[in-house]
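Numbering (the working numbering), first residue to last: 140 to 446.
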């Protein structure tokens, strides 16, 4: 994943260097007045993406399980809260895209903050309704609270500071646990990114300079990030009995992992090109790999590339 991101960024830099036509830059520049055509484009694209992703999720998650009546499901103790943390960050990130797109369309700031900022909450509520009518899951109050928390983190910072000083981010590496239960944790890389909570890490990246005096000389792009992850999980509440190829029993210790690592706020890098700003903003939800410290299972350890 990280190599693909580097390739994308390098390609964009090459395009920018060779770009002679300013039409792309003009198109990506946020409008300083209301543009109905852009609003129609944004809302239409969001509707298509939402519908397409819900259909894809139905194929990936729900199609193999019978439909049932609306019911509530308490999953607050599953996966060591990794799924709830993921809901917070997904609601935040989706809402931030929605907010930025409405600002690009020239929608007034307050309306863009509230309407766009709630995009993530509304979208995830749709997914929650799929859960509510599936026999394998159900409507989760905990999920909805996490969704609201993510949207509140986004909107609250815009109202309070007019900027995002604390940015939730995501990282993933293959954990090695998926091979024991591929039907649950994913049989290939893209499924594992979504399903294997052991490989996911969720971060809160704090922009230090934004909390200091306006005339400080601290690098505006340098953040400190605090991460949360978990390992040893091959089941939601507990691990089922497992055996290896030789028939011997396998057990894994379930434990939480905490991280601290420097990070880069791509949106704070000084670039003039609207296209490059767009690229940095698009991939800003990914934790930049950097050295760090991990604490978990009663041990301190270091990681050369924490992400």
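Beta carbons are placed, not taken as given, at the ideal position from N, Cα and C, and that holds for glycine.
Under 8 Å Cβ to Cβ from residue i, same chain only, skipping five residues before and after it: list those, please.
i: residue 362; result: 306, 344, 345, 346, 347, 401, 402, 403, 404
i: residue 408; result: 360, 419
Which residues in the same chain as residue i place their Cβ atom closer than 6 Å to its Cβ, once the five residues preceding and following it in sequence are excluded?
i: residue 392; result: 371
i: residue 231; result: 289, 292, 293, 307
i: residue 221; result: 336, 369
i: residue 313; result: 338
i: residue 160; result: Only weak support is given to the placement of residue 160: the predicted model assigns it a pLDDT of 47, under 50, and the question is left unresolved by the model.
What does the Cβ neighbour count give for residue i, buried or exposed, with the cut at 16 atoms within 10 Å?
i: residue 376; result: exposed
i: residue 316; result: buried
i: residue 432; result: exposed
i: residue 260; result: buried
i: residue 380; result: exposed
i: residue 301; result: exposed
i: residue 387; result: exposed
i: residue 204; result: exposed
To which residues of the same chain is residue i closer than 7 Å at the C-beta, ignoring the five residues directly before and after it?
i: residue 167; result: 413, 414, 417
i: residue 453; result: Coverage of the chain is limited to positions 140 through 446, which leaves residue 453 absent and any answer about it impossible.
i: residue 141; result: Its pLDDT being 38, under 50, residue 141 is placed unreliably by the model, and nothing is read from it.
i: residue 163; result: 414
Just grab the DSSP bridge partners of residue i for me.
i: residue 438; result: 435
i: residue 342; result: 308, 366
i: residue 254; result: DSSP output for residue 254 lists no bridge partner at all.
i: residue 351; result: Looking at the DSSP assignment, residue 351 forms no beta bridge with any residue, so it has no partner.
Is residue j closer than 9 Å to residue i when the C-beta atoms are compared?
i: residue 310; j: residue 262; result: no
i: residue 199; j: residue 330; result: yes
i: residue 367; j: residue 398; result: yes
i: residue 245; j: residue 171; result: yes
i: residue 229; j: residue 274; result: no
Tell me whether residue i counts as near the ligand ZN, meaning its Cβ is closer than 8 Å to at least one heavy atom of that ligand.
i: residue 406; result: The ligand ZN is not part of the structure shown, which contains no ligands of any sort.
Open item on the list: For the structure I just gave you, are there three or more beta carbon pairs, one from the segment 250 to 257 and one from the segment 165 to 175, closer than 8 Å?
Closed with: Contact fails: fewer than three Cβ-Cβ distances are below 8 Å.
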